[in-house]
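One structure is given below, encoded as structure tokens.
In structure tokens, the structure reads:
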């Protein structure tokens with residue numbers, strides 16, 4: 385095995401002033417696995433990386449140990465410099481001798497030196513005992529499956545096709561468009577829903593790269609990033625296909641407000657969506673209209689804001705005032721949710737246009753009166769402190785978007801988590817369309833309530849992220865992770881030692897561990913692409929069968945022993 | 290390994306915050322080249338300076354750090370920090386961009402953060418940029434500098450030089466993505482907010498740095514005037530925003546930002562009385578409303594709907610008097626608070642750039658007009674999640690050329 389080269393940084397005295405680097409050098413040099421120990425004034429100044437590289441070439445060492453500063457200091461600068469010089473960063477380890485030793489223990493040089501020696505010993509143990517994970521190349525199927533052909537799914541499909549990637553676009557409806565098909569005006573514009581996505585629908589029809597499957601559902605998805613095996617159930621029976629990535633854009637539903645404010649019992653109580661349908665049929669006149677916001681939203685049962693209902697109501701209110709002169713519209717609201725500049729301007733426009741606003745308290749919701757038909761609404765106006773009685777010829781309820789149970793079923797199939805409201809969870813705010821299962825992306829209202837603009841942006845985002853690996857023939861499993869280059873390795877299951885207890889399957893947050901039948905036994909297998917090397921499986925395996933080569937039991941054991949070893 | 294020999298573009302991304310970083314990474318991931326221009330010392334923008342971020346309550350910096358490292362590690366991304374765009378010239382194909390690299394007294398490439406300059410400076414003008422800057426470097430600036438040059442002598446890496454000059458560089462790019470983020474607007478013109486009249490009247494970004502766990506108070510909640518523990522803090526929302534005199538827009542992030550800050554105040558010192566004076570509680574993202582609800586349900590943060598009409602220091606300077614109307618209770622109040630945090634005075638950064646040659650066409654409120662590709666706060670007030678989505682979308686539109 386090639387020897388280890390050690391570089392100790394003096395940091396212009398910042399380290400050497402407190403830590404006895406010479407004694408550390410002697411200690412390390414006596415270790416048989418160490419090829420040489422070099423003391424340097426610095427490691428992060430311009431030109432240092434090239435010098436280090438030259439020394440490494442000359443001495444022919446395979447692995448490198450750096451004794452320098454903290455990763456939040458300049459250690460990353462050092463590592464980055466070496467990486468740019470072509471040094472394999474998986475074979476370089478660093479120990480913090482500055483912030484963690486010299487600086488914080490400035491008054492105790494002997495203690496600082498001991499700590500520095502122990503830390504270097506631990507990293508040395510890692511280099512001595514660690515192995516490299518096998519780097520497996522994943523063959524990428526340069527095709528994508530997009531589920532759902534609403535604005536988000538269309539944007540994702542067209543985005544992918546625009547980058548030259550073939551797309552299978554599946555929708556349970558017969559034509560693309562989703563909820564937007566019934567919208568005759570999309571806020572905050574004067575454009576109709578179908579017109580807004582016209583170019584996307586046209587591209588779907590004309591692009592040779594997009595194949596649309598109408599009235600089709602996804603029966604099953606198996607596999608992992610780069611190669612998903614998909615079965616579709618359509619009008620002409622089952623189709624199977626393979627795709628490198630899956631974009632989930634199945635949308636959401638609007639809450640059906642049965643039993644609320646006389647809905648279902650009184651004929652002139654409708655939802656905003658039914659109002660859209662009336663508009664589509666050319667029926668705008670309505671006399672005195674009263675809108676109620678947050679019907680079934682921001683309550684104990686659904687403690688979230690559905691985002692789109694406030695601007696949607698502003699739009700419909702202005703439309704009534706514009707197209708049916710003599711009508712009045714009163715919006716009964718809690719908070720008006722128009723964040724940003726465009727929507728805030730839209731709200732101001734509605735105020736100027738003559739839409740009436742009455743703020744109510746969730747504890748004192750409006751009460752309707754009337755027999756058979758709603759004739760009026762009593763509401764306590766919290767801003768002026770009086771109860772208002774408002775004549776109503778039409779009561780329109782703004783109901784929130786709720787998760788579609790079909791999306792949750794798909795999420796289970798794709799092994800990605802849903803949040804407690806049934807919407808599909810992203811990985812993290814800075815990774816808003818990625819999921820825990822690499823290769824599966826989410827966008828649109830299946831993710832969280834969103835406007836059509838937001839849904840389209842999310843679809844585009846999903847496309848660009850999926851294309852980043854669909855454009856390649858093969859991707860190394862080690863860089864498949866969302867954080868390329870920093871993945872530690874991946875777990876490996878030792879079939880001999882595994883008893884098939886399933887602990888690893890239960891704890892793996894990425895669903896990378898699976899039980900597989902081998903002859904009479906059930907043993908664990910790791911899907912390398914999914915594994916993020918978190919080590920959970922290692923910690924629960926009673927038999928030591930799960931190992932990450934870079935951080936295996938021998939490494940951990942040796943590091944712990946060295947951490948407490950007496951240093952003379 | 291690239292299958293298609295399609296045309297690869299070079300894209301200029303202006304701004305190295307969340308939006309700019311995300312756009313750069315998505316472009317690089319698809320094989321395009323990026324010039325990432327940032328006027329500050331390093332990447333991360335405003336979010337990197339935050340103590341915590343919502344709704345996860347995690348430190349803001351860590352998740353961003355990974356992204357910053359990815360940018361620096363990427364061979365396709367050229368990072369230009371301490372650089373500003375001077376002008377863009379449209380060419381037959383793409384743009385020629387004149388960029389000026391500014392000349393800091395302390396070169397961040399060389400500064401090892403040893404602090405010898407701070408120890409040597411008799412006037413106290415050498416200090417760390419801010420407490421949790423990454424990489425941590427020193428800053429020497431200020432009118433009090435006595436030109437003694439003792440810092441230059443003690444600096445072991447020759448990072449300090451007072452005679453550096455600004456350096457122009459020229460970049461060529463096929464496309465430009467604007468991701469310059471937001472900046473604070475002075476609340477000076479709106480006298481009723483009392484901004485600048487007392488050290489305990491802070492903007493929310495000032496307070497974020499003041500209360501930061503990695504900041505000078507190590508997470509303790511203290512008054513800025515005398516470093517005593519405040520008994521009460523008032524958070525005033527929509528300060529300068531949703532206000533036709535200054536900023537007509539809603540800054541979108543401030544409701545959640547104030548809720549977050551008030552929760553952290555309570556977490557660190559439950560005896561401090563926190564009141565949030567809001568107009569509409571805009572909590573629209575995933576888990577945001579529940580994050581807000583945690584406060585309604587009795588951990589002592591009071592939400593009062595209303596606006597303040599006057600914020601003024603009490604005679605003697607101990608405490609601040611605030612006159613406001615509680616519009617839900619219908620009462621007018623005058624109350625004393627120990628600290629007042631003003632929230633909302635954020636505008637897109639490019640609004641203050643006077644030279645039209647150096648920026649895209651803007652709308653009336655200073656946001657980038659739809660003709661140019663933009664993402665993050667310069668396009669529309671946005672938080673981290675929205676910025677990251679818009680950034681990826683902007684990346685796609687530059688790649689496919691369909692804006």
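Protein chains in written order, with our numbering: chain A, 385 to 952; chain B, 290 to 692. Every residue gets a Cβ at the ideal spot worked out from N, C-alpha and C, and that includes glycine. Because the structure is a prediction, the values reported are computed rather than measured.
Quiz item: Where does the unbroken beta strand (DSSP E) through residue 900 of chain A begin, and where does it stop?
Solution: In the first chain, residue 900 of chain A corresponds to position 516, counting from 1. Here the beta strand (DSSP E) through residue 900 of chain A covers 897-902.
Quiz item: In whole angstroms, what separates the C-alpha of residue 517 of chain B from that of residue 613 of chain B?
Solution: For the purposes of this step, residue 517 of chain B is taken as residue 228 along the second chain, with counting starting at 1. For the purposes of this step, residue 613 of chain B is taken as residue 324 along the second chain, with counting starting at 1. Taking the Cα positions, residue 517 of chain B is about 25 Å away from residue 613 of chain B.
Practice problem: Could you please give me the residues that DSSP links to residue 324 of chain B through a beta bridge? | Solution: On the second chain, residue 324 of chain B is found 35 positions in, with the first residue counted as 1. DSSP lists B/301 and B/367 as partners of residue 324 of chain B.
Quiz item: Below 8 Å, can you find three or more Cβ-Cβ pairs linking the stretch 468-488 of chain A to the stretch 889-908 of chain A?
Solution: Result no; under three Cβ-Cβ pairs closer than 8 Å.
Practice problem: Flag residue 531 of chain A as yes when its Cβ comes closer than 7 Å to any non-hydrogen atom of the ligand GDP, and as no otherwise. | Solution: Within the structure as shown, the ligand GDP is missing, as the structure has no ligands at all.
Quiz item: Can you give, in chain order, each stretch of the beta strand (DSSP E) that sits fully within the stretch 487-525 of chain A and has at least 3 residues?
Solution: Fully enclosed beta strand (DSSP E) runs of 3 or longer: 521-523.
Practice problem: Run down chain A in chain order and give the residues with a C-beta less than 9 Å from the C-beta of residue 580 of chain B. | Solution: Start at 1 with the first residue of the second chain, and residue 580 of chain B comes out as number 291. Residues of chain A passing the Cβ test: none, with the nearest at roughly 10 Å.
Exercise. Pull up the DSSP beta-bridge partners for residue 860 of chain A, would you.
Key: Along the first chain, one-based indexing puts residue 860 of chain A at 476. DSSP, once it has assigned bridges, lists A/521 as partnering residue 860 of chain A.
Exercise. Taking 8 Å as the cut-off, decide whether the C-beta atoms of residue 470 of chain B and residue 350 of chain B are in contact.
Key: In the second chain, residue 470 of chain B corresponds to position 181, counting from 1. In the second chain, residue 350 of chain B corresponds to position 61, counting from 1. Not a contact, by the Cβ cut-off of 8 Å.
Practice problem: Would you decide whether residue 309 of chain B is buried or exposed? Buried here means 16 or more other CB atoms lie within 10 Å of its CB. | Solution: Position 20 of the second chain holds residue 309 of chain B. Buried.
Quiz item: Is any beta-carbon of chain B found at less than 8 Å from that of residue 869 of chain A?
Solution: One-based indexing of the first chain puts residue 869 of chain A at position 485. Low confidence applies here, because residue 869 of chain A scores a pLDDT of 47, under 50, leaving its location unreliable and the question unanswered by this model.
Quiz item: Hey, quick one: how far does the alpha helix (DSSP H) through residue 699 of chain A stretch, first residue to last?
Solution: Taking the first chain and counting its residues from 1, one reaches residue 699 of chain A at position 315. It spans 693-707 - the alpha helix (DSSP H) in which residue 699 of chain A sits, taken as one unbroken run.
Self-check item: alpha helix (DSSP H) segment containing residue 621 of chain A, residue limits
Solution: Here residue 621 of chain A refers to the residue found at position 237 when the first chain is read from its first residue. It is not in any alpha helix (DSSP H) - residue 621 of chain A instead sits in the beta strand (DSSP E) that spans 621-627.
Self-check item: Best match in B/301, B/328, B/341 and B/322 for proximity to residue 546 of chain B [C-alpha to C-alpha]
Solution: The residue labelled residue 546 of chain B in the question sits at position 257 within the second chain. Ranking the options by Cα distance to residue 546 of chain B, first place goes to B/341.
Quiz item: Taking the continuous alpha helix (DSSP H) assigned at residue 439 of chain A, which residues delimit it?
Solution: Taking the first chain and counting its residues from 1, the one referred to as residue 439 of chain A is at position 55. Note, residue 439 of chain A: alpha helix (DSSP H), 432-443.
Exercise. Quick one: give me the first and last residue of the alpha helix (DSSP H) that residue 943 of chain A is part of.
Key: Taking the first chain and counting its residues from 1, the one referred to as residue 943 of chain A is at position 559. Residue 943 of chain A -> alpha helix (DSSP H) spans 937-947.
Quiz item: Cβ of residue 691 of chain B less than 8 Å from any chain A Cβ?
Solution: Taking the first residue of the second chain as position 1, residue 691 of chain B is located at position 402. Yes, residue 691 of chain B counts as interfacial toward chain A.
Self-check item: Whole-Å CB distance - residue 392 of chain A paired with residue 437 of chain A, under 8 Å assumed
Solution: Here residue 392 of chain A refers to the residue found at position 8 of the first chain. Here residue 437 of chain A refers to the residue found at position 53 of the first chain. Not really, about 17 Å apart at Cβ, beyond 8 Å.
Exercise. Apply the 10 Å Cβ neighbour rule to residue 518 of chain A and answer buried if 16 or more other Cβ atoms are within range, or exposed otherwise.
Key: In the first chain, the residue the question calls residue 518 of chain A occupies position 134. The residue in question, residue 518 of chain A, is exposed, as its Cβ has fewer than 16 Cβ neighbours within 10 Å.
Quiz prompt | Listed by chain order, chain A residues near residue 654 of chain B by CB distance under 9 Å | solution = The sequence position of residue 654 of chain B within the second chain is 365, counting from 1. The contacting residues are 725 and 729.
Self-check item: Close beta carbons around residue 920 of chain A, own chain, < 7 Å, minus the five adjacent residues each side
Solution: Locating residue 920 of chain A in the first chain gives position 536, where the first residue counts as 1. In its chain, beyond the 5 residues on either side, 891, 892 and 893 have a beta carbon closer than 7 Å to the beta carbon of residue 920 of chain A.
Quiz item: Going along chain B in order, which residues have a C-beta closer than 8 Å to the C-beta of residue 849 of chain A?
Solution: Here the question's residue 849 of chain A lines up with position 465 in the first chain. The answer, in chain order, is 315, 318 and 681.
Quiz item: For the candidate residues A/805, A/850 and A/837, whose alpha-carbon lies nearest to that of residue 826 of chain A?
Solution: Here residue 826 of chain A is taken as the residue at index 442 of the first chain, counted from 1. Ranking A/805, A/850 and A/837 by Cα distance to residue 826 of chain A puts A/850 first.
Practice problem: List the residues that DSSP assigns as beta-bridge partners of residue 931 of chain A. | Solution: In the first chain, the residue the question calls residue 931 of chain A occupies position 547. In the DSSP output, where bridge partners are listed per residue, residue 931 of chain A has A/876.
Quiz item: How many Å lie between residue 558 of chain B and residue 510 of chain B at the Cα?
Solution: Translated into positions along the second chain, residue 558 of chain B becomes position 269. Translated into positions along the second chain, residue 510 of chain B becomes position 221. For the pair residue 558 of chain B and residue 510 of chain B, the Cα-to-Cα distance works out to about 7 Å.
Quiz item: Mind checking if residue 416 of chain B is an interface residue toward chain A, Cβ cutoff 8 Å exclusive?
Solution: Taking the first residue of the second chain as 1, we reach residue 416 of chain B at position 127. Taking 8 Å as the CB threshold, residue 416 of chain B stays off the interface with chain A.
Practice problem: Tell me whether residue 815 of chain A sits in a helix, a strand or coil according to DSSP, three-state version. | Solution: For the purposes of this step, residue 815 of chain A is identified with residue 431 of the first chain, where counting begins at 1. The answer is strand: DSSP assigns residue 815 of chain A an E or B state.
Quiz item: How many Å lie between residue 514 of chain A and residue 316 of chain B at the Cα?
Solution: Looking up residue 514 of chain A in the first chain gives position 130. Looking up residue 316 of chain B in the second chain gives position 27. Rounded to the nearest angstrom, the two C-alpha atoms are 35 Å apart.
Quiz prompt | Three-way DSSP call (helix, strand, coil) for residue 713 of chain A in this model | solution = Counted from its first residue, the first chain places residue 713 of chain A at position 329. When secondary structure is reduced to three states using DSSP, residue 713 of chain A falls in the strand class.
Quiz prompt | Burial state of residue 555 of chain B, where buried means 16 or more other Cβ atoms lie within 10 Å | solution = The residue labelled residue 555 of chain B in the question sits at position 266 within the second chain. Residue 555 of chain B comes out buried.
Exercise. Spell out whether any CB of chain A is found under 8 Å from the CB atom of residue 616 of chain B.
Key: Working through the second chain from its first residue, we reach residue 616 of chain B at position 327. At least one chain A Cβ lies under 8 Å of residue 616 of chain B.
Exercise. Thinking residue 444 of chain B and residue 416 of chain B are a contact (beta carbons under 8 Å), I'd like their distance in whole angstroms, please.
Key: The sequence position of residue 444 of chain B within the second chain is 155, counting from 1. The sequence position of residue 416 of chain B within the second chain is 127, counting from 1. 14 Å between Cβ atoms; not a contact.
Quiz item: Along chain B, in chain order, which residues have C-beta atoms closer than 8 Å to that of residue 429 of chain A?
Solution: Counted from its first residue, the first chain places residue 429 of chain A at position 45. Correct list: 399 and 446.
Quiz item: Can you list, in chain order, the stretches of the beta strand (DSSP E) that have 3 or more residues and sit fully within the stretch 603-661 of chain A?
Solution: Runs found: 611-618, 621-627, 629-632, 636-638 and 653-655.
Quiz item: From A/789, A/439 and A/723, pick the residue whose C-alpha is nearest to that of residue 834 of chain A; which is it?
Solution: Numbered from 1 along the first chain, position 450 holds the residue referred to as residue 834 of chain A. Among A/789, A/439 and A/723, the Cα nearest to that of residue 834 of chain A belongs to A/723.
Quiz item: On the three-pair Cβ rule with 8 Å, is the stretch 621-639 of chain B touching the stretch 522-540 of chain B?
Solution: Enough Cβ pairs lie closer than 8 Å, so yes.
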